[in-house]
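Inspection log for the structure reproduced underneath, given as structure tokens.
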Ligand code: BTN
């Protein structure tokens, strides 16, 4: 990977130059260009704007944090992690969907190593604690050639959500403060998360696909579950079968086995409520 070191200002308990050197120590040879913003529209947007310079953008707050499928990502100030990693990557276009799964596995592994229990992943981009949304991943890609892309790997992780924050989120939400572990200083977490994701994505190739799917399955909350598949035209019940080697999801529907790319559907777990 590219890259230069920038010396940047310190604010809101993230000491950027210490963080920058800690990430570079974690990575050994690599040198990350870390950019810290107190506030921005979206770290993904900033990272894409800096396209091809290879940067990691972190923010204390996002005014227009973006989620998957045009959703908003609730991004209050100084409470959580908002981070986007920009890298050039040679990868066949049909494997791009696996980058979100690789990022999720890297984040889940870091959290598990911190002894946080009940961490799971939900295809294609959710990080869950006790089944509630703890974090999300948004990958954006710009083609540089048919098999080389500038990738923006954006992830948000809730550390401290208060009741008001939880009410602003349109699904059951969790934060690390609920896990009974910690404390979770943002800077320390960022070093492990950025370091682990960069190592994994840089090292990812078509030879890593089977191992990645195995690792994902270990955290996969939907295994064997009944799900609702929502496309732009219809919604149907199905049984979740797992992940295909190109990152698509495979489900058993009344019409037989079908597979879908992340952009085509949203997938919900069917929860049966009993008295
Ligand atoms: C989702 O679950 O829908 C994905 C959420 C991704 C949120 C992160 S926060 C950092 C980065 N910047 C954004 O605008 N979005 C991602």
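Residue numbers (this note's numbering): 1 to 275. For every residue, glycine included, the Cβ atom is placed at its ideal position computed from N, Cα and C. Treat the numbers as computed from the prediction; the structure is a model and nothing was measured.
Cβ-based burial, residue i [other Cβ within 10 Å; buried from 16]
i, result
"residue 162", "exposed"
"residue 220", "buried"
"residue 69", "exposed"
"residue 218", "exposed"
"residue 164", "exposed"
"residue 168", "exposed"
"residue 93", "exposed"
"residue 235", "exposed"
"residue 170", "exposed"
"residue 146", "exposed"
"residue 256", "exposed"
"residue 223", "exposed"
"residue 150", "buried"
"residue 143", "exposed"
"residue 79", "buried"
Proximity test, residue i beta-carbon vs the ligand BTN heavy atom, cut-off 7 angstroms
i, result
"residue 67", "yes"
"residue 84", "yes"
"residue 62", "yes"
"residue 43", "yes"
"residue 222", "no"
"residue 138", "yes"
"residue 123", "no"
"residue 289", "Look at the range of the chain in this structure, 1 to 275, and you will see that residue 289 is not part of it."
Expected contact under 8 angstroms - CB spacing of residue i and residue j to nearest Å
i, j, result
"residue 195", "residue 34", "Incorrect: roughly 12 angstroms between the Cβ atoms, too far for contact."
"residue 239", "residue 252", "4 angstroms"
"residue 17", "residue 47", "Going by Cβ atoms, the distance from residue 17 to residue 47 rounds to 20 angstroms, so no, they are not a contact pair."
"residue 197", "residue 157", "Not a contact, Cβ separation roughly 12 angstroms."
"residue 227", "residue 270", "6 angstroms"
"residue 89", "residue 201", "7 angstroms"
"residue 138", "residue 247", "So it is not a contact: roughly 15 angstroms between Cβ atoms."
"residue 14", "residue 24", "With a Cβ gap of about 16 angstroms, residue 14 and residue 24 do not count as contacting."
"residue 191", "residue 19", "7 angstroms"
### Query
Any chance the stretch 112-121 sits against the stretch 28-44, with 3 or more Cβ pairs inside 8 angstroms?
A contact between stretches requires three or more CB pairs, one per stretch, nearer than 8 angstroms, and the stretch 112-121 fails this requirement with the stretch 28-44.
### Query
For the stretch 201-209 against the stretch 92-105, are there 3 or more C-beta pairs whose distance is under 8 angstroms?
Short answer: they touch.
### Message
Within 8 angstroms, do at least three Cβ pairs link the stretch 104-114 to the stretch 56-64?
### Response
Short answer: they don't touch.
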